[in-house]
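Colleague: My structure is below; once you've seen it, I'll send some questions.
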């Protein structure tokens, strides 16, 4: 079975550019989560969707960040404009149940470097 | 919010040794998972274990929900076990968020 698929795996961009990260959850999973990992802050939940609907976006740092889930098999996390402090590894995860009480499966992450 | 503490923060062992990693949490939980982040950064799901005991090969985990802790046991360590081990919990009450501990960094020396 395919796991959670993220793209790109690595992205290097310049400050001010738009960045779009993509995620395909495991087929049949109802919930999708976007996490960010940095040395300073560890793993932080940015936003999660249940049945394609955003449930909690309180972890999104600021208005420069936006996330969408147009259908059950695809989600995007967009940063516009990007800043050097956005450099991090962004993980997408999915779960077969709603909310955070189900088993969580992570993608391989997208490593973002903003110069 | 819920507090998740992992110990020890760092552990260096010789190949073949056994180890025990601990996760303490401050409130009752719906969900507890153990993850291994390997040196390449991949987060691998080890156990979904809100209560009870599970075993998978050389790894096993026990969660005592009433006492608010979980243990991860690694027997006969191999160099491929190196990495960071995270415990993550979802509290019974409050928002539906999986909160991660700060991890235990395990280094296995050949």
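Residue numbers (the numbering used here), protein chains in the order written: chain A, 1 to 115; chain B, 1001 to 1110.
Using N, Cα and C, we set each Cβ at its ideal position, and we do this for glycine too.
With a cut-off of 8 Å on the beta carbons, I'd call residue 1015(B) and residue 1108(B) a contact; round off their distance for me.
Modeller: Right, the Cβ-Cβ distance comes to about 6 Å (below 8 Å), so this counts as a contact.
Colleague: Starting from the beta carbon of residue 42(A), find every residue of chain B whose beta carbon is closer than 8 Å, and list them in chain order.
Modeller: Within 8 Å Cβ-Cβ: 1100, 1102 and 1103.
Colleague: Is residue 1054(B) close to chain A, meaning its C-beta is less than 7 Å from at least one C-beta of that chain?
Modeller: No, no contact with chain A.
Colleague: So which of 1086(B), 1058(B), 1065(B) and 1028(B) has the shortest CA-CA distance to residue 1021(B)?
Modeller: It is 1086(B) whose Cα lies nearest to the Cα of residue 1021(B).
Colleague: Return the chain-ordered ranges of every beta strand (DSSP E) run that is complete within the region 1065 to 1102 of chain B and spans a minimum of 3 residues.
Modeller: Taking only runs of at least 3 residues, the beta strand (DSSP E) segments lying wholly in the region 1065 to 1102 of chain B are 1069 to 1074 and 1083 to 1091.
Colleague: Have a look at 51(A), 44(A), 47(A) and 37(A) and flag the residue whose alpha-carbon is nearest the alpha-carbon of residue 97(A).
Modeller: The residue with the shortest Cα to Cα distance from residue 97(A) is 51(A).
Colleague: So residue 1100(B) packs on residue 42(A), CB below 8 Å; how close in whole Å?
Modeller: Rounded, the Cβ-Cβ distance is 6 Å, consistent with contact.
Colleague: How big is the Cα-Cα spacing for residue 26(A) and residue 2(A)?
Modeller: Looking at the two C-alpha atoms, the distance is approximately 7 Å.
Colleague: Tell me the rounded alpha-carbon separation between residue 1106(B) and residue 33(A).
Modeller: If I take the Cα positions, the gap works out to 27 Å.
Colleague: Going by other Cβ atoms of all chains shown within 10 Å of its Cβ, with 16 needed for buried, is residue 1040(B) buried or exposed?
Modeller: The residue is exposed, with fewer than 16 neighbouring Cβ atoms inside 10 Å.
Colleague: Which partner residues of residue 1038(B) appear in the DSSP bridge assignment?
Modeller: Answer is none; residue 1038(B) lacks a bridge partner.
Colleague: For residue 87(A) versus residue 113(A), is the C-beta spacing smaller than 7 Å?
Modeller: Yes, these two residues count as a Cβ contact at 7 Å.
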